[in-house]
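Q:
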Amino acid sequence: MLDTKQIIEAAKNQTNLDYFGNPLFLEGFECLIQSINLEADLNDIGIEAQKGRLIGILANLLRIEDAFIQKPEILFEEINSPVVIVGLPRTGSTMTHRLLASDPRHTAMLWWEGRYPAMLPDEVRGHPKTRMEMGKAEVEAVMQASPDALTIHPWDFNGADEEILLLEHTFFSTVPESFMRLPTYSKWVESQDHIHAYSQLKKMLQYLQWQNPGREKKRWVLKSPHHLGYIDKLLEVFPDSKVIQTHRDPIKTVPSFCSMCANLFEPLTNSYDKNEIGHHWAHKLAKVLNHCMEVSNANKGNFLDLEFKKMIVDPILEMNEVYKFIGEDFTNQAENAMLAWKEENQHEMGAHQYSLEEFGLESTFIDNYFSEYIHQYIK
């Protein structure tokens, strides 16, 4: 059993700090703890892993808020016209993200920054070696606990990754339910107004930008499937965003995502139901796609659609259209950086084996559930 007060005190003791900033995080934090204790059925490894993760998140919060107090100029950092990539997993969103992030004019959150965004005591600005090593060790531990993980997602501790890891610090995040059964917490997250979460995300990006002077004046490239469900809130906080949505038939993407979740459940829980995972995520993914579709249809100038099939055939050709949309010249330097990234990432990750039936789903169910999305986007 996890104890709310013990975790809070452990974070305070670890950092010698006690100011968390806006107390809005507490309701979500307490709901998550209760949901873990009553619903997740974690094994001993899972309990210790989640306890450590939560202490780490709260320690990050304490250090981040202390940084804002000590260095108020952080909140004057400008985040202008970010490029935001949204789409279900396995739609080409990661490739699109990392290609754009390879352009020297752009910047993106790196995986280790998402897990360890707060500077450590005595860390020199611009020299985060210890946090990088912590991130590398954590990715290696994930690979050891779940060897199939690399066939599902290209884990790279020092590669561009999803800001959902930063949003996890607000406790308005779908990260926990991707590796634990948390129906109560999931419903709570869906019921909340996420404007606070995206306001906090902006502050955390400002902090990351301030930490690394080399990021000054670079354009942020953001990416996460999570943004699909709250794209209206993202646009409120970042009204000059340019949103690129990647598309692929849900019959391919939904079971792949469910398989990733099952792989993450495996080392942490005593038992789990693949049918429940399948229906939970099919329902949620259809809902967030429909929401994003409504917002996109009402804000055409902010959105560009990118087809998976075309990206696989000739990603550089598609990037020409992307750069027209985001209002930048597609320079030789940008193209060469992308070609270099492609060359370095041609390695075979292995076959990712999964099926709809494994998760209690059928093609007719997916076709019906995602009918509006399929009708508008899937040719």
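According to this note's numbering, the sequence shown holds residues -17 to 361 in order.
Glycine included, each C-beta is placed from N, C-alpha and C at the ideal position.
Computed from a prediction, not measured in an experiment: that's the story for all the values here.
Run through DSSP, which three-state label would Glu248 get?
A: The residue labelled residue 248 in the question sits at position 266 within the sequence shown. Coil.
Q: Please report the Cβ distance between Ala100 and Ile37, rounded to the nearest whole angstrom; I am assuming they are in contact, meaning their Cβ atoms lie under 8 Å.
A: In the sequence shown, the residue the question calls residue 100 occupies position 118. In the sequence shown, the residue the question calls residue 37 occupies position 55. That pair is no contact at about 13 Å.
Q: Within 10 angstroms of the Cβ of Leu57, are there 16 or more other Cβ atoms? Answer buried if so, exposed if not.
A: On the sequence shown, residue 57 is found 75 positions in, with the first residue counted as 1. With fewer than 16 other Cβ atoms within 10 Å, it is exposed.
Q: Assuming the contact rule is C-beta atoms closer than 8 Å, Val304 and Leu286 should be a hit. Round their C-beta distance to whole Å, please.
A: Residue numbering aside, residue 304 sits at position 322 when the sequence shown is read from its first letter. Residue numbering aside, residue 286 sits at position 304 when the sequence shown is read from its first letter. Rounded, the Cβ-Cβ distance is 7 Å, consistent with contact.
Q: For the region 213 to 226 and the region 238 to 245, state whether three or more C-beta atom pairs, one from each stretch, are separated by less than 8 Å.
A: In short, these stretches do not touch, since the Cβ pair count stays below three.
Q: Can you round the beta-carbon distance between Phe290 and Arg230 to whole angstroms, since I take them to be within the 8 Å contact cut?
A: Mapped onto the sequence shown, residue 290 falls at position 308. Mapped onto the sequence shown, residue 230 falls at position 248. The Cβ separation is near 4 Å, so the contact holds.
Q: Closest by CA to Asn25, which one among Ala280, Ser253, Ala322?
A: Residue numbering aside, residue 25 sits at position 43 when the sequence shown is read from its first letter. Of Ala280, Ser253, Ala322, the residue nearest in Cα terms is Ser253.
Q: In the structure shown, what three-state DSSP assignment does Ala100 receive?
A: Indexing the sequence shown from 1 puts residue 100 at position 118. Note: Ala100 maps to coil in three-state DSSP.
Q: If you draw a straight line from the C-alpha of Leu299 to the C-alpha of Glu198, how long is it?
A: Walking along the sequence shown from the start, residue 299 turns up at place 317. Walking along the sequence shown from the start, residue 198 turns up at place 216. Their Cα atoms are separated by approximately 29 Å.
Q: Put Val295 into one of helix, strand or coil per three-state DSSP.
A: Counting from one through the sequence shown, the residue named residue 295 turns up at place 313. Residue state, collapsed to three classes: helix.
Q: Entirely within the region 28 to 99 and at least 3 residues each: give me those beta strand (DSSP E) ranges in chain order.
A: Complete beta strand (DSSP E) runs here, min 3: 65 to 68.
Q: Within a Cβ cutoff of 6 Å, which residues of the same chain sit near Asp48, ignoring the five residues on either side of it in sequence?
A: Indexing the sequence shown from 1 puts residue 48 at position 66. Excluding sequence neighbours, Asp48 sits near Leu(-1).
Q: Can we say the region 30 to 45 touches the region 70 to 82, given the rule of at least three CB pairs closer than 8 Å?
A: With the cut-off at 8 Å, the region 30 to 45 and the region 70 to 82 do not touch.
Q: Any chance the region 192 to 206 sits against the region 99 to 113, with 3 or more Cβ pairs inside 8 Å?
A: Touching, yes, given that three or more Cβ pairs across the two stretches are closer than 8 Å.
Q: Scan the region 153 to 179 and note each continuous alpha helix (DSSP H) run of 4 residues or more that stays entirely inside, going in chain order.
A: Within the region 153 to 179, the complete alpha helix (DSSP H) runs of at least 4 residues are 165 to 173.
Q: Would you check if there are 3 or more beta carbon pairs closer than 8 Å linking the region 245 to 262 to the region 197 to 211?
A: Touching, no, given that fewer than three Cβ pairs across the two stretches are closer than 8 Å.
Q: If contact is defined by three or more beta carbon pairs under 8 Å, each pair taking one atom from either stretch, is the region 162 to 172 in contact with the region 114 to 130?
A: Flag = no, the region 114 to 130 and the region 162 to 172 do not touch.
Q: So the alpha helix (DSSP H) Phe386 belongs to, where does it begin and stop?
A: Past the edges of the chain, shown from -17 to 361, lies residue 386, and the structure says nothing about it.
Q: Going by CA-CA distance only, name the one from Glu115, Ile177, Pro207 that's closest to Thr156.
A: Here residue 156 corresponds to residue number 174 of the sequence shown, with the count starting at 1. Closest by alpha carbon: Pro207.
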